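S.K.: Residues in the sequence shown are numbered from 2 upward in steps of one, following my numbering. Backbone N, C-alpha and C fix where the C-beta goes; we use that ideal spot for every residue, glycine too. These numbers come from a predicted model, not from an experiment. The structure's right below; bear with me while I get my questions together.
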Amino acid sequence: VQLVESGGGLVQAGGSLRLSCAASGSIFSIDAWGWSRQAPGKEREPVATITSGGSTYYADSVKGRFTVSRDNAKNTLYLQMNSLKPEDTAMYYCEARDPRSGEYDYWGQGTQVTVRS
Numbered sequence: 002v003q004l005v006e007s008g009g010g011l012v013q014a015g016g017s018l019r020l021s022c023a024a025s026g027s028i029f030s031i032d033a034w035g036w037s038r039q040a041p042g043k044e045r046e047p048v049a050t051i052t053s054g055g056s057t058y059y060a061d062s063v064k065g066r067f068t069v070s071r072d073n074a075k076n077t078l079y080l081q082m083n084s085l086k087p088e089d090t091a092m093y094y095c096e097a098r099d100p101r102s103g104e105y106d107y108w109g110q111g112t113q114v115t116v117r118s
């Protein structure tokens, strides 16, 4: 499974960005997709996930502001981020979960999001 993120950038607080993640390879085996982020000096944290059945999960810090979605026809995962805050600044990673391990075994190279106050 290969994952390639795009859509990051520099935005003012209160602004919006939409991240995309193009998936390829043996994606038929994946049962959940997600986004995580890592800010400088901090541990990586989950942001949002969506299962193959369409169930979603959001971290409390982004609920009501971020929306995860997937276009199965395009094999693309999205993260719509609204009302961005400086504390959302981080490297954002797309991830895919293999049901055989139950872990997010695949991830992309990341895309940087910087929110300026």
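(1) Expressed to the nearest angstrom, what Euclidean distance is found between the alpha-carbon atoms of E88 and S70?
(2) Please name the residue in G103, N83 and Y107 whose C-alpha comes closest to that of Q13.
(3) Classify E132: buried if its beta carbon has 16 or more other beta carbons within 10 angstroms, exposed otherwise.
(4) Determine the contact status of Y79 and E96, defining contact as a CB-CB distance below 8 Å.
(5) State the DSSP-derived secondary structure class of E88, mapped to helix, strand or coil.
(6) Would V116 pass as an interface residue toward chain B - the criterion being a Cβ-Cβ separation below 8 Å?
(7) Taking N73 as the reference, which of E6, I31 and W36 has the closest Cα?
(8) I'd like to check one pair, G111 with C22: are the Cβ atoms closer than 8 Å?
M.R.: With the given structure in hand:
(1) Here residue 88 refers to the residue found at position 87 of the sequence shown. Here residue 70 refers to the residue found at position 69 of the sequence shown. For E88 and S70, the gap between their C-alpha atoms comes out near 22 Å.
(2) Within the sequence shown, numbered from 1, the residue matching residue 13 stands at position 12. For the residues G103, N83 and Y107, the minimum Cα distance to Q13 belongs to N83.
(3) Residue 132 lies beyond the residue range present for the chain, which begins at 2 and ends at 118; the question has no answer from this structure.
(4) In the sequence shown, the residue the question calls residue 79 occupies position 78. In the sequence shown, the residue the question calls residue 96 occupies position 95. Result no, Cβ atoms of Y79 and E96 do not sit closer than 8 Å.
(5) What you label residue 88 is simply residue 87 of the sequence shown in a count that begins at 1. Correct three-state label for E88: helix.
(6) Reference to chain B is not applicable here, since this structure consists of a single protein chain.
(7) Translated into positions along the sequence shown, residue 73 becomes position 72. Of all alpha-carbon atoms in E6, I31 and W36, the one lying nearest the alpha-carbon of N73 is that of I31.
(8) For this step, residue 22 is matched to residue 21 along the sequence shown. For this step, residue 111 is matched to residue 110 along the sequence shown. C22 is not a Cβ neighbour of G111, given a cutoff of 8 Å.
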